[in-house]
């Protein structure tokens, strides 16, 4: 669970009614930042759908969303994209723990 102070701070940026909605919106937003800060993922996936429209073009967002939709840019199997991400994450953790 995310500490309450972060949820309270995020509530200043979104208009959702419940702490659970605010927390989920924060998780989605943070996941998007993390994904698109990764050079392998940002070049492989396209963020699309209603959540993309609301997060990127409509301010303030007009609807609450529970999911995020992606499409892969190329026809390669998605497993390889995910494996690269997992491997890079593991390498980053090892480097941080040394």
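Numbering (my numbering), first residue to last: 47 to 144. All C-beta atoms, glycine included, are put in the ideal place defined by N, C-alpha and C.
Check your understanding: Are the stretch 52-63 and the stretch 77-85 in contact at 8 Å, needing three or more beta carbon pairs?
Key -> no
Exercise for review: Identify whether residue 52 lies in helix, strand or coil by the three-state DSSP scheme.
Suggested key: On the chain shown, position 6 is the one that residue 52 refers to. In this structure, residue 52 counts as helix in the three-state DSSP scheme.
Practice item. Taking the CB atoms as reference points, tell me whether residue 71 and residue 93 lie closer together than 9 Å. Key: One-based indexing of the chain shown puts residue 71 at position 25. One-based indexing of the chain shown puts residue 93 at position 47. Taking 9 Å as the Cβ cut-off, residue 71 and residue 93 do not qualify as a contacting pair.
Check your understanding: From the DSSP output, which residues share a beta bridge with residue 92?
Key -> Sequence index remark: in the chain shown, residue 92 carries index 46 (1-based). Its beta-bridge partners are 117.
Review point. Roughly how many whole angstroms lie between the Cα atoms of residue 96 and residue 111?
Key: By 1-based counting over the chain shown, the position of residue 96 is 50. By 1-based counting over the chain shown, the position of residue 111 is 65. Rounded to whole angstroms, residue 96 to residue 111 spans 8 Å at the Cα level.
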